[in-house]
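In our numbering, the protein residues as written are 18 to 158. Before any comments, here is the structure.
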């Protein structure tokens with residue numbers, strides 16, 4: 018009796034029969050995001066850039082400054098300990114980073130409202146309005 022050579026590569030042939038398809042063929046992974054090739058309109062780009070700038074100057078910068086100043090004051094007053102080698106920098110930088118993140122997250126509702134106000138020919142505006150209306154249905158009397 019001849020044993021098959023283990024070093025020999027075998028080709029797996031996918032069969033069209035549905036019962037054997039799941040056993041002999043690799044799974045099909047051809048799923049892409051529906052907006053993968055979508056190009057933003059100038060109005061959408063402008064609204065997103067405004068959201069970015071406004072969130073930075075109106076929320077991120079103030080929160081980062083406030084959190085950093087409070088952390089620095091806490092270290093100087095003895096409420097927090099400074100790092101033995103790096104001093105106040107790690108805690109102050111972490112406070113600034115947290116302030117930045119908190120500022121971005123706190124501006125999401127305003128940016129959402131701005132994107133919902135885009136014109137009717139905007140796919141992004143229509144999508145945002147659809148999701149907002151689905152999440153906030155009108156109250157029934």
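Quick reminder that beta carbons are idealized off the backbone N, C-alpha and C, glycines included.
Tell me whether residue i sits in a helix, a strand or coil according to DSSP, three-state version.
i           : result
residue 95  : coil
residue 117 : helix
residue 140 : helix
For residue i, which of the options has the nearest alpha-carbon?
i           : options               : result
residue 62  : 158, 153 and 140      : 140
residue 55  : 144, 115, 131 and 153 : 144
residue 88  : 73, 104 and 142       : 104
residue 129 : 120, 138, 137 and 148 : 148
What does a CB cutoff of less than 8 Å around residue i pick up in its chain, not counting 5 residues either side in sequence?
i           : result
residue 117 : 77, 80 and 81
residue 98  : 92
residue 67  : 131
Between which two residues does the alpha helix (DSSP H) carrying residue i extend?
i           : result
residue 127 : 125–133
residue 65  : 59–72
Residue i and residue j: beta carbons closer than 8 Å?
i           : j           : result
residue 69  : residue 135 : no
residue 84  : residue 113 : yes
residue 132 : residue 142 : yes
Below 7 Å CB to CB, which residues in the same chain sit around residue i once its five sequence neighbours on both sides are set aside?
i           : result
residue 169 : Because the chain spans 18 through 158 in this model, residue 169 falls outside it and cannot be assessed.
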